[in-house]
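First comes the structure, then the notes that go with it.
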């Protein structure tokens, strides 16, 4: 089996690599160190929002140097379009009670802030001692709702991005880098 060349896009749909495997690894290590330092003497609940965050969260968890507990939420957004808010529905809820606990919500990409704002409302209603947000990618230029981001990996361009857990029609999640995606020369 031939290894993935992490410096080149794997398909004609992919544009240039935006964040390389090395850049991602280095930044995830830095984020884990920040999280560990900020939660010394605590056992935070690290909450992943499925599915795009799985690879980022796995790497982040391996690099965190303190004890943690892990849980996941699955969220579905539906409605007229991604540009309009639509509605948010919880498909998989948390199993760990958050009352009095320190929670860290992990996201792959924060764009408009709508979905994150909704998820934060759900989490805060459960009475945690604190809630922090760790996002691999942030697009502040597209923010419609201001949301707190305590840890950010990279500022993301407006391109449609795939790889490192993010997908286009369920493809490209497994790529070790993040690349822009084009379909017939245009953004999907």
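In my numbering, the protein residues as written are 104 to 291. Backbone N, C-alpha and C fix where the C-beta goes; we use that ideal spot for every residue, glycine too.
Taking all protein chains in view, the Cβ of residue 179 is surrounded by fewer than 16 other Cβ atoms within 10 Å, so the residue is classified as exposed. For residue 155, the three-state secondary structure derived from DSSP is coil. Here residue 177 carries a strand assignment [DSSP, helix/strand/coil]. The alpha helix (DSSP H) runs lying completely inside the stretch 190–253 and spanning 4 residues or more are 217–227, given in chain order. The way I'd put it, the stretch 167–179 doesn't touch the stretch 113–133; fewer than three beta-carbon pairs between them come closer than 8 angstroms. Taking C-beta separations shorter than 6 angstroms and ignoring five residues to either side along the sequence, the partners of residue 155 in its chain run 211, 268, 269, following chain order. As the crow flies, the alpha-carbon of residue 137 is around 28 angstroms from that of residue 195. No Cβ-Cβ contact shorter than 9 angstroms links residue 151 with residue 284. Across the set 149, 247, 243, the C-alpha of 243 shows the shortest separation from the C-alpha of residue 258.
For residue 278, no beta strand (DSSP E) encloses it, and the DSSP letter there is neither H nor E. Pairing residue 238 with residue 209 gives a Cβ-Cβ distance under 9 angstroms. The C-beta distance from residue 198 to residue 174 rounds to 6 angstroms, short enough to meet the 8 angstroms contact threshold. In this structure, the straight-line span from the alpha carbon of residue 255 to that of residue 129 is close to 13 angstroms. The three-state secondary structure of residue 168, taken from DSSP, is coil.
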